[in-house]
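Under full-length UniProt numbering, residues 1 to 282 are what the sequence shown spells out, in order. Below is one structure, written out as structure tokens; the observations come after it.
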Amino acid sequence: MGKDILIRDQIFSTYDSLYDAEKKVADYVAGHQEDVINMSVAELAQNCATSQATVIRFCKKIGCEGFHKLKLKLAGEQSKQEELAASNEINIENMEQSLHNIMVSKVEEIKATFHNFDQKELRNIVDAVLGANLIEFAAMGNTIPIAMDGTYKFNQLGLHAVTSPMWETQEAFARTLKKGDVFFAISASGASKRLIRMAKIVKKQGGVTVAVTNQAKSPITEICDHVIITATREHIFYDQVSFTRMAAMAVIDTLFMLILSMKNDFFENVAEHERSVIEEKL
């Protein structure tokens, strides 16, 4: 990455690859960063009902050499971050606080996603898109709308982009991609067998593959040529919710705006499209 990833984002991006005991440490550190700064490794292990060895393994898995390094990073981040009066509770009986908590979570997702951007990687992806004859966005389940949004925006620019809500059609498109074409695989877990198979097909044909995922360490990131890591805060509220569209949509919007800035032709294409849409409105 171009910048050091925040500890919380490291935790969320590796969470699914952690063992259960390590997840206890992850959950505690994510929710008690200020307390952890003043703890010993033995105290953290005790609070997590796990062993000191597990704490050390957790530290290494999120990119810290040891517990001391983890505390130093947390302390540095703590001094830079503005304290927000928010909690992890969502309760409809306390609507005002719940809405504030959700808002803070969404804002943090966007900020963290942009913080994680590798500028060189983004430029390489933009250059690949500009050199492609065909671009495909592929996704499964609730990420399909993101693929459709990417296709719509890229077509607005005058680029040739395709997708489909059916995985069979997505794979059929993947088989038509040639050398230099670009394939975007959008996956929360980075472990979709179908997307992995499509990425392998595209790579075999000489295409460029891009993964957009929450999970920095996942099968899809090992396969793809380029990787964009999105941040999530949903684990704060619900363990089973691990991917929101907002961060991934921000990735699509960012690529759209960067490409739009490259040529006047792109701006004219978008303007012409907008004019044609306006004609259909009352």
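From the three backbone atoms N, C-alpha and C, an ideal C-beta is built for every residue, glycine too. Bear in mind the structure is a predicted one, so any value in this text is a computation, not a measurement.
Exposed unless 16 or more other CB atoms sit within 10 angstroms - verdict on residue i
i, result
"Pro165", "exposed"
"Gln46", "exposed"
"Glu272", "exposed"
"Gln119", "exposed"
"Phe114", "exposed"
"Asp181", "buried"
"Met140", "buried"
"Met95", "exposed"
"Cys261", "The sequence as given places Ser at residue 261; Cys does not occur at that position. Answer is exposed; the Cβ neighbour count stays below 16."
Host beta strand (DSSP E) of residue i (start-end)
i, result
"Thr209", "208–213"
"Ser13", "From DSSP, Ser13 is part of no beta strand (DSSP E) but of the alpha helix (DSSP H) over 7–14."
"Ala26", "Unbroken run through Ala26 is the alpha helix (DSSP H), 20–31; no beta strand (DSSP E)."
"Glu136", "135–139"
"Ala185", "182–187"
"Ile90", "Counting along the chain, Ile90 falls outside any beta strand (DSSP E), and DSSP gives it neither H nor E."
Residue from the options whose Cα sits closest to the Cα of residue i
i, options, result
"Leu44", "Lys61, Ile62, Gly63, Leu70", "Leu70"
"Tyr19", "Phe114, Ile186, Arg57, Leu177", "Arg57"
"Arg123", "Val210, Ala185, Glu65", "Val210"
"Ser218", "Leu195, Gln205, Val202", "Leu195"
"Phe154", "Thr254, Ile5, Lys60, Ser13", "Thr254"
"Glu106", "Phe183, Tyr28, Met249", "The amino acid at residue 106 is misidentified as Glu; the sequence shows Lys. Nearest option by C-alpha distance: Met249."
"Lys193", "Gln10, Val208, Glu171, Glu22", "Glu171"
"Val41", "Asn133, Ile5, Val55", "Val55"
Whole-angstrom C-beta distance between residue j and residue i, which should lie under 8 Å
i, j, result
"Glu121", "His226", "6 Å"
"Met198", "Phe183", "7 Å"
Segment limits, alpha helix (DSSP H) that includes residue i
i, result
"Ile56", "52–61"
"His100", "95–116"
"Ile196", "193–204"
"Glu43", "41–47"
"Ala248", "245–260"
"Ala128", "119–130"
"Gly150", "144–156"
"Glu171", "167–174"
Cβ neighbours of residue i in the same chain (closer than 6 Å, five flanking residues each side left out)
i, result
"Thr151", "Phe137, Ala161, Thr163"
"Ala53", "none"
Same chain, Cβ closer than 7 Å to residue i, neighbours up to 5 away in sequence not counted
i, result
"Lys200", "Ile223"
"Asn158", "According to the sequence provided, residue 158 is Gly. The question's Asn does not apply to it. The answer, listed in chain order, is Asp265, Phe266, Asn269."
"Val126", "Leu255, Leu258, Ile259"
"Ala21", "Thr50, Thr54"
"Ile252", "Ile146, Asp149, Gly150, Lys153"
Below-8 Å beta-carbon distance, residue i vs any chain C residue
i, result
"Thr213", "Among the protein chains of the structure shown there is no chain C, as only one such chain exists."
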